[in-house]
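Read through the structure below, which is laid out as structure tokens, and then see the notes.
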Ligand code: IVH
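Residue numbers (the working numbering): 73 to 751.
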């Protein structure tokens with residue numbers, strides 16, 4: 073080594089380190105909107121990198137952070153692949169196969185016994201998420217592909233980069249030029265539950281299980297939202313040419329040394345007994361893991377032996393999965409009660425002797441409808457099987473033989489013929505499995521349900537008037553239908569328990585603001601059966617006022633896109649009902665918008681290049697609508713305020729943190745009216 077290189081080396085090191093650090097910061101700043109370095113520090117480091125690059129021209133690299141400005145294209149149209157899809161489709165270097173699987177321990181034993189004697193078997197947990205294939209070139213993560221159809225997948229690298237345990241770069245000189253690591257992307261239970269809770273609050277559909285949630289998350293166009301949700305990944309398979317190690321286990325241990333997240337639950341087994349013990353152990357122990365697993369994977373350890381065993385068309389012969397059976401418990405069906413939903417549907421509910429299932433106590437399960445009960449042939453006093461599979465909601469899947477194990481003396485009654493809430497005679501619409509209470513305007517859960525729908529975010533968006541308050545005001549006789557909302561007085565509300573003058577005033581402000589909600593949303597808010605948000609918009613486009621809509625015939629309504637005979641009939645029936653007409657008259661008198669030109673759908677580039685944060689609550693449109701407007705006009709709706717934010721579309725009650733940040737950074741607040749003016 074000459075003297076010169078000895079002096080040079082630490083600076084070359086520094087140059088490499090700075091490139092990496094600044095590259096990461098760029099991503100955090102521009103894509104995630106969550107920088108972890110001050111601007112000043114960033115600038116200083118960038119200058120230092122420029123100096124070092126000038127000093128070592130041989131280290132020029134076109135991809136250095138000095139050579140390009142950071143970009144926040146992710147999520148905008150520009151990021152889209154050339155084929156117009158949200159993600160680039162890439163052919164897998166090696167097809168992504170699935171695994172042969174079995175629920176039977178006997179079959180697994182069989183499989184092990186058939187292997188040549190002395191073969192080592194690696195047992196691993198089977199993670200229940202989505203498979204991902206990570207490509208590393210010269211130690212740098214260059215692609216992250218979903219399984220797709222097994223032959224080609226989507227490159228979701230920006231989303232994968234939000235997972236803290238996945239290295240973007242491996243700084244070692246003993247790594248192969250190219251290798252691929254495959255594994256499973258998961259949303260940990262805790263994150264899954266928090267996400268669903270949040271979605272429930274925002275009236276968004278819930279994810280049935282963590283796998284669906286992870287899948288939905290990985291397909292998002294906004295890596296910041298992906299980062300916020302908190303995915304994790306476990307890696308279990310390394311592929312490539314000239315890789316180190318002669319066994320699968322060695323390769324995974326190497327990957328762990330390189331910094332990859334490899335499960336600790338991997339075990340090399342030498343006998344059927346060892347394998348079966350592993351299965352038995354994890355069958356219970358897996359319930360304590362932070363992520364979902366649905367089985368055990370057995371793999372032949374020796375790579376040469378793997379090759380000898382080879383593949384079938386779809387699966388390797390050197391591996392098999394044992395799937396855990398869904399957890400089932402037998403318990404007593406004490407009683408069937410009937411719940412009336414917001415739309416009048418009567419749902420039978422099984423009330424069970426509490427039983428422990430997959431870590432939670434289960435005491436209720438839905439029985440769906442009358443046919444379901446008949447199919448299962450169950451009645452109170454039976455011992456029934458309750459199952460919890462990959463889904464969160466437990467279900468009843470059958471019953472034990474009827475013998476004297478059941479308890480006697482329970483009242484067995486058929487499906488009710490009258491509504492358990494209001495006593496009205498139930499009806500069953502032909503072709504539907506559900507019994508329904510037809511007393512829409514007199515049945516308490518239906519009345520409250522209608523009011524809850526009316527005030528909901530996508531309808532009239534009256535904040536403060538939540539489920540509990542509605543219930544309270546209903547109990548007191550102050551709210552019996554949607555029109556009563558506009559007759560509420562400050563003292564009526566403030567007199568209620570838990571509701572002070574301040575929250576009462578908030579509610580009244582919300583009610584006042586709802587008077588400028590456009591006609592299409594009012595139509596949706598009325599809660600005419602099957603008239604959802606989109607259908608309401610389409611109807612309002614054709615019928616510019618309630619007065620014209622009121623006289624529309626089924627045939628005329630059917631001419632509207634999306635409106636079939638069933639919806640049309642529901643609309644006609646709605647206007648045939650005198651109670652409804654009375655309510656509509658009162659709403660109109662209160663000042664609710666019963667007419668209005670449909671808003672032309674804006675498409676322009678008026679907001680092109682602008683990053684806009686939406687904050688607070690609005691009178692004229694919902695947040696979702698504003699988001700759509702921003703996008704339709706070429707702008708970008710971003711989640712958090714940074715110095716890149718062009719302006720904030722600020723509604724009422726804007727969060728104090730956002731306001732402070734906007735003040736600090738000198739970012740303009742634009743009111744709702746100003747914004748609409750702008751467009
Ligand atoms: S190995 C060629 N190991 O299960 C073998 N797969 O049903 C490649 N999975 O698509 C897969 N945990 O998404 C392997 N420890 C594990 C696994 C695992 C979960 C998933 C994977 C695969 C599916 C097969």
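Here a beta-carbon is modelled for each residue, glycine too, at the ideal position from N, C-alpha and C. The structure displayed is predicted, hence computed values, not measured ones.
heavy atom of the ligand IVH below 8 Å from residue i C-beta
{"i": "residue 175", "result": "no"}
{"i": "residue 203", "result": "yes"}
{"i": "residue 256", "result": "yes"}
{"i": "residue 184", "result": "no"}
{"i": "residue 369", "result": "yes"}
{"i": "residue 219", "result": "yes"}
{"i": "residue 624", "result": "no"}
{"i": "residue 200", "result": "yes"}
{"i": "residue 546", "result": "no"}
{"i": "residue 357", "result": "no"}
{"i": "residue 388", "result": "yes"}
{"i": "residue 168", "result": "yes"}
{"i": "residue 592", "result": "no"}
{"i": "residue 15", "result": "Any question about residue 15 goes unanswered here, given that the chain covers just 73 to 751."}
{"i": "residue 393", "result": "yes"}
{"i": "residue 171", "result": "yes"}
{"i": "residue 308", "result": "yes"}
Where residue i falls: helix, strand or coil (DSSP)
{"i": "residue 753", "result": "In the structure as shown, the chain begins at 73 and stops at 751. Residue 753 is therefore absent and cannot be evaluated."}
{"i": "residue 92", "result": "helix"}
{"i": "residue 225", "result": "strand"}
{"i": "residue 327", "result": "helix"}
{"i": "residue 550", "result": "coil"}
{"i": "residue 678", "result": "coil"}
{"i": "residue 377", "result": "helix"}
{"i": "residue 87", "result": "helix"}
{"i": "residue 588", "result": "helix"}
{"i": "residue 743", "result": "strand"}
{"i": "residue 651", "result": "helix"}
{"i": "residue 720", "result": "strand"}
{"i": "residue 383", "result": "strand"}
{"i": "residue 607", "result": "helix"}
{"i": "residue 630", "result": "helix"}
Opening and closing residue of the alpha helix (DSSP H) in which residue i lies
{"i": "residue 289", "result": "282-290"}
{"i": "residue 252", "result": "It is not in any alpha helix (DSSP H) - residue 252 instead sits in the beta strand (DSSP E) that spans 250-258."}
{"i": "residue 540", "result": "539-547"}
{"i": "residue 518", "result": "516-527"}
{"i": "residue 584", "result": "573-585"}
{"i": "residue 295", "result": "295-301"}
{"i": "residue 114", "result": "111-127"}
{"i": "residue 728", "result": "728-737"}
{"i": "residue 184", "result": "177-186"}
Buried versus exposed, by CB contacts within 10 Å (16 or more), residue i
{"i": "residue 612", "result": "buried"}
{"i": "residue 379", "result": "exposed"}
{"i": "residue 740", "result": "exposed"}
{"i": "residue 89", "result": "exposed"}
{"i": "residue 570", "result": "exposed"}
{"i": "residue 164", "result": "buried"}
{"i": "residue 71", "result": "The displayed coordinates of the chain run from 73 to 751. Any statement about residue 71 would go beyond what the structure contains."}
{"i": "residue 432", "result": "exposed"}
Host beta strand (DSSP E) of residue i (start-end)
{"i": "residue 305", "result": "304-311"}
{"i": "residue 666", "result": "Counting along the chain, residue 666 falls outside any beta strand (DSSP E), and DSSP gives it neither H nor E."}
{"i": "residue 392", "result": "391-395"}
Residues of its chain near residue i, where Cβ-Cβ distance is below 6 Å and the 5 sequence neighbours each way are ignored
{"i": "residue 499", "result": "508, 510"}
{"i": "residue 550", "result": "564"}
{"i": "residue 519", "result": "none"}
{"i": "residue 743", "result": "none"}
{"i": "residue 609", "result": "592"}
{"i": "residue 209", "result": "250"}
{"i": "residue 181", "result": "344"}
{"i": "residue 521", "result": "414"}
Residues of its chain near residue i, where Cβ-Cβ distance is below 7 Å and the 5 sequence neighbours each way are ignored
{"i": "residue 686", "result": "695, 698, 699, 709, 721"}
{"i": "residue 607", "result": "634, 635, 639"}
{"i": "residue 474", "result": "454"}
{"i": "residue 355", "result": "396"}
Proximal residues to residue i (C-beta, below 8 Å), its chain only, five neighbours per side dropped
{"i": "residue 515", "result": "412, 416, 491, 493, 494, 496, 509"}
{"i": "residue 530", "result": "275, 593, 596, 605, 694, 696"}
{"i": "residue 642", "result": "600, 601, 602, 603"}
{"i": "residue 150", "result": "Its pLDDT being 31, under 50, residue 150 is placed unreliably by the model, and the measurement read from it follows with that caveat. So the list is empty, once near-sequence residues are dropped."}
Cβ of residue i within 9 Å of any chain B Cβ
{"i": "residue 457", "result": "The question asks about chain B, but that chain is absent: this structure has only one protein chain."}
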